[in-house]
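K.L.:
According to my numbering, the sequence shown is numbered sequentially starting from 1086.
Cβ atoms here follow ideal geometry from the backbone N, Cα and C, with glycine treated the same way.
It should be emphasised that the depicted structure is a prediction, and the values quoted were computed from it without experimental measurement.
Here it is, the structure in full.
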Amino acid sequence: ALVNVLYSTAARLSEALALNRTQVGNGRAATATIIGKGGYGRTLHLMPYAQAAIRAYLAERGDSNPALFIAHSRNASAARLSQSGAHNVVKRAVHALDLDPGLSAHDFRHYRATQLLRDGMPLEVVQEFLGHVDVSTTRGIYAPVLGVQVVRGWLDNLDSEPRAAPK
1086 ALVNVLYSTA
1096 ARLSEALALN
1106 RTQVGNGRAA
1116 TATIIGKGGY
1126 GRTLHLMPYA
1136 QAAIRAYLAE
1146 RGDSNPALFI
1156 AHSRNASAAR
1166 LSQSGAHNVV
1176 KRAVHALDLD
1186 PGLSAHDFRH
1196 YRATQLLRDG
1206 MPLEVVQEFL
1216 GHVDVSTTRG
1226 IYAPVLGVQV
1236 VRGWLDNLDS
1246 EPRAAPK
């Protein structure tokens, strides 16, 4: 469920770990309002696959702890999942999915944002989705990633032959 939430929402790990089950409607809500980095309010968007993963995870847990993600070790007594515990969950998921073993929780955020931009989502919308206060942050991180591919895509859709300038 954690990896699905990280990818669906492009949340920072700290934001995902701070979620309570009521914020996500026990896996039935399409959005969750959080206080993100810098103390700014932000809406996380939970895609249907993330909602389903949350519902399955909570059903398997069978407890009433308000935290969405909890530690499952014997000595943790259902405490909120820590950053290090979450990194272990992500590593196990990455291994199970046969992905690059170097992937981190934050890479899901970057991959999601890059995918949205490549699919044509405007930079300002991605900025809002990621919770960046300033669009220059989004541009600075993702413009170099898109670079050549975006330019090539635009050029491929333009007229291939130069036109004479009007006189």
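Mark R1127 as exposed unless 16 or more other C-beta atoms lie within 10 angstroms of its C-beta, in which case mark it buried.
P.N.:
buried
K.L.:
Taking Cβ to Cβ, would you say T1107 is nearer than 8 Å to L1129?
P.N.:
For the pair T1107 and L1129, the CB atoms are not nearer than the 8 Å cut-off.
K.L.:
Compute the beta-carbon to beta-carbon distance between G1170 and A1156, rounded to the nearest angstrom, for a pair I have assumed lies under 8 Å.
P.N.:
A1156 and G1170 do touch by the CB rule: their CB atoms are close to 5 Å apart, below 8 Å.
K.L.:
Does DSSP classify N1105 as helix, strand or coil?
P.N.:
Strand.
K.L.:
Using a Cβ-Cβ cut-off of 6 Å (strictly less than) and excluding sequence neighbours within five positions of R1194, which residues of its own chain qualify?
P.N.:
A1095
K.L.:
Taking all protein chains shown into account, do 16 or more other C-beta atoms lie within 10 angstroms of the C-beta of L1102, making it buried, or fewer, making it exposed?
P.N.:
L1102 is buried by the Cβ-count criterion.
K.L.:
From V1109, G1123, A1086 and V1088, pick the residue whose C-alpha is nearest to that of G1216; which is it?
P.N.:
G1123
K.L.:
If you count every other CB in all the chains shown that lies within 10 Å of the CB of L1182, and 16 or more means buried, which is it?
P.N.:
exposed
K.L.:
Go ahead and pull the three-state DSSP assignment for L1129.
P.N.:
strand
K.L.:
Using the C-alpha atoms, what's the distance from N1089 back to A1138?
P.N.:
The straight-line gap separating the alpha-carbon atoms of A1138 and N1089 is approximately 7 Å.
K.L.:
First and last residue of the beta strand (DSSP E) that includes A1198?
P.N.:
Not the beta strand (DSSP E): A1198 falls in the alpha helix (DSSP H), residues A1190 to R1203.
K.L.:
In whole angstroms, give me the CA-to-CA distance for A1178 and E1209.
P.N.:
Going by the C-alpha atoms only, they are around 31 Å apart.
K.L.:
Checking the sheet assignment: what are the DSSP bridge partners for A1117?
P.N.:
L1129
K.L.:
Where Y1092 and A1114 are concerned, what is the direct C-alpha to C-alpha distance, given to the nearest angstrom?
P.N.:
16 Å
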